[in-house]
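Reading through the structure tokens given below for one structure.
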Amino acid sequence: MIALIKDSNIEYLKKYYNKDNIKDAIKRLNAGEPVQYIVGNVDFYGYELDVNKNVLIPRRETEELVEEVIKRSKNFNNPTIIDVGTGSGAIAISLSKELNCHIYASDISGAALKVAKKNICKTSSNVTLYKGNMLKPYIKNDIKVDILVSNPPYIDKTEKIEDIVKNNEPHLALYAKNKGLEFYESILKDASKILNDKFLIAFEIGQEQGEMVKKIALKYLSNIKVEIKKDLSLKNRFVFVYNF
Ligand code: GLN
95 MIALIKDSNI EYLKKYYNKD NIKDAIKRLN AGEPVQYIVG NVDFYGYELD
145 VNKNVLIPRR ETEELVEEVI KRSKNFNNPT IIDVGTGSGA IAISLSKELN
195 CHIYASDISG AALKVAKKNI CKTSSNVTLY KGNMLKPYIK NDIKVDILVS
245 NPPYIDKTEK IEDIVKNNEP HLALYAKNKG LEFYESILKD ASKILNDKFL
295 IAFEIGQEQG EMVKKIALKY LSNIKVEIKK DLSLKNRFVF VYNF
């Protein structure tokens with residue numbers, strides 16, 4: 095299995111390196127660095143996006159989140175959409191391109207926003223970036239929202255995660271306090287300040303967090319429906335909160 099993964103990674107490297115400079119890249123691969131950071135990009139929803147150690151490498155599951163949001167956005171007419179904790183900009187950019195619409199996106203990390211900005215330019219997507227924690231930028235700028243999408247940090251510090259993730263990806267984008275629920279709570283607590291009357295909130299979650307995120311949503315928002323949805327590997331991975 096390991097040999098297979100390595101072979102496919104080497105194939106990936108060959109796309110970007112020639113035989114004179116691939117040696118160094120293979121050394122980094124063998125030292126446990128993700129191939130996406132070595133080549134400096136990743137394919138997300140058909141778009142080639144830059145990544146570096148300041149942003150999480152967008153995951154396949156997050157493509158499923160984007161797909162679900164695209165489907166559910168049909169319930170709205172020209173919705174205002176925000177992506178909270180955008181990182182590389184993957185969610186915001188793919189939504190903007192696929193729906194051919196404007197998206198607001200934010201992150202607390204200036205270094206991540208630099209990567210997002212580059213990706214917005216290289217894909218010519220219609221995304222406005224804000225720097226700030228969770229919903230603060232939207233509250234401050236009085237932006238009223240129909241669809242809120244977020245893949246926030248959700249891993250608890252005590253959770254065992256793969257070395258390749260733990261040793262390379264930004265902990266700021268991975269870990270959250272309070273059983274990994276800190277940022278769902280922060281968003282849901284403030285959500286009513288920015289949401290329009292009819293709304294959709296779409297979260298990526300850790301596989302054990304569905305019921306707990308549902309409970310937090312019901313604590314702060316009334317007359318809502320909450321749907322916990324599985325990803326393709328049948329793990330609870332998304333929560334949708336909506337009122338239509
Ligand atoms: N899904 C990522 C992982 O398993 C974590 C993403 C996140 O914390 N938002 O590493």
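Its first residue numbered 95, the sequence shown is counted upward by one per residue in the numbering used here. For each residue, glycine too, the CB sits at the ideal point set by N, CA and C.
Asked                                                                                                              : Found
Endpoints, alpha helix (DSSP H) assigned at ILE175                                                                 : From DSSP, ILE175 is part of no alpha helix (DSSP H) but of the beta strand (DSSP E) over 175-178.
Sub-9 Å separation of ILE299 and TYR248 beta-carbons                                                               : yes
Three-state secondary structure assigned by DSSP to PHE277                                                         : helix
Proximity below 9 Å, CB of PHE332 to CB of GLU158                                                                  : yes
Contact test: LEU326 Cβ vs ligand 1 heavy atom, cutoff 8 Å                                                         : no
Residues near ASN261 by beta carbon distance below 8 Å, same chain, minus five either side                         : GLY126
Given SER316 as reference, the closest of GLY183, ASP201, ASP291 once Cα atoms are compared                        : ASP291
Contact test: LEU275 Cβ vs ligand 1 heavy atom, cutoff 8 Å                                                         : no
Same chain, Cβ closer than 7 Å to ALA77, five either side skipped, listed in chain order                           : A question about residue 77 goes unanswered here, because the residues of the chain that appear run from 95 up to 338.
Cβ pair count under 8 Å reaching 3, the stretch 220-235 against the stretch 198-212                                : yes
Cβ-based burial, GLN301 [other Cβ within 10 Å; buried from 16]                                                     : exposed
Nearest residue (CA-CA) to LYS273, options THR156, GLN303, TYR131, LEU193                                          : GLN303
Cβ pair count under 8 Å reaching 3, the stretch 157-175 against the stretch 207-222                                : no
Which of helix, strand or coil DSSP assigns to ASP236                                                              : coil
Sufficient close CB pairs (3 or more, under 8 Å) joining the stretch 278-298 to the stretch 239-256                : yes
Close-in-space but distant-in-sequence residues of the same chain around PRO264 (CB under 8 Å, 5 per side omitted) : LYS147, ASN148, VAL149, LEU150, SER203, ALA206
Secondary structure, alpha helix (DSSP H): runs of 4+ residues fully inside the stretch 113-157                    : 116-124, 129-133
Contact between the stretch 99-114 and the stretch 126-136 (3+ Cβ pairs under 8 Å)                                 : yes
Close beta carbons around PHE297, own chain, < 7 Å, minus the five adjacent residues each side                     : SER244, TYR278, VAL307, PHE332, VAL333
Other residues of its chain near MET95: CB distance less than 6 Å, five sequence neighbours each side excluded     : Note that MET95 scores 38 on pLDDT, short of 50, meaning its location in the model is unreliable; the coordinates nonetheless yield the value given after this. Closer than 6 Å at Cβ, skipping near neighbours: no residue.
Ordered list of beta strand (DSSP E) runs contained in the stretch 203-257, each at least 3 residues               : 221-225, 239-244
Beta-carbon proximity check, TYR269 vs LYS251, cutoff 9 Å                                                          : yes
Where GLY296 sits in the DSSP three-state scheme                                                                   : Checking the displayed sequence, the identity of residue 296 turns out to be Ala instead of Gly. ALA296 falls in the strand class under three-state DSSP.
Buried or exposed (CB count within 10 angstroms, at least 16 for buried), PHE338                                   : exposed
Check: ALA199 C-beta below 8 Å from any heavy atom of ligand 1                                                     : no
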